[in-house]
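Going by the working numbering, the sequence shown opens with residue 21, and the numbers climb by one from there.
The beta-carbon is built from N, C-alpha and C at its ideal position, and this holds for glycine as well.
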Amino acid sequence: MTQFTYRLQPLLEQKEEAKKEAEREQARQEQELESQSAVLRSLQHRERELVEKREQLRRELLSKPSRHETLTAQEVLARSEYVKTVGLEIEEARNDVLAQRQLVEQCELRVQEAKKRAAETRREVEVLTKHRAKQEERFLRELQVQEERALDEIGNALYTNRRRLI
């Protein structure tokens, strides 16, 4: 019996490999996005901590170290300078957060592109798989028709031989 061979099988295999690669790339991009998002969350947390620290320092700016001690102008000035330093650290943290947000947005775009490529390659494989199934079905139908014709010919030959013998 003749066996079905799909003439586009190498192309189908190539598309399946491209699909696997696109899915691996999508997974890599999603993992990168997750790690960059984690960095962003930690930077945002650091910024919040610095803001809270500055607020705490501002509240304590004019408070006395203890009940019996007095606060000197020099201590107030030093505390004030430290609050300003923390303010500069907050600005740096905000800049880091903004830069990281841009990086996360770029990662999100790459993830979307990777998803698009993966979906496209899945569709290509699906189209070729359906085409292969239809071709195989057509081949089997034609094989069945040939077999039925051969059986009809055998039946006709047997019938004709019997008629001659009678």
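Nearest-angstrom Cα separation, counted from residue j out to residue i
i: Thr103; j: Arg78; result: Just to set this straight, residue 103 is Val in the shown sequence, not Thr. When rounded, the distance between both Cα atoms is 7 Å.
i: Ala153; j: Gln126; result: 41 Å
i: Glu140; j: Leu31; result: 15 Å
i: Asn115; j: Glu33; result: 48 Å
i: Leu97; j: Ala119; result: 33 Å
i: Asp172; j: Val147; result: 37 Å
i: Glu75; j: Leu82; result: 13 Å
Three-state secondary structure assigned by DSSP to residue i
i: Tyr102; result: helix
i: Leu82; result: coil
i: Thr90; result: coil
i: Phe24; result: coil
i: Ile110; result: helix
i: Ile186; result: coil
Presumed contact (8 Å Cβ cut-off) between residue i and residue j, rounded CB distance
i: Ala134; j: Gln56; result: In fact, because the Cβ distance is near 14 Å, the residues do not count as touching under 8 Å.
i: Ala138; j: Glu43; result: 5 Å
i: Glu36; j: Val145; result: 5 Å
i: Val124; j: Leu70; result: Their Cβ separation, rounded to whole angstroms, is 20 Å, which puts Val124 and Leu70 out of contact at 8 Å.
Exposure label - residue i; buried when at least 16 CB within 10 Å
i: Val131; result: buried
i: Gln29; result: exposed
i: Leu63; result: buried
i: Lys39; result: buried
i: Glu162; result: exposed
Closer than 7 Å to chain B by CB, residue i
i: Ala113; result: Included in the structure is just one protein chain, with no chain B present.
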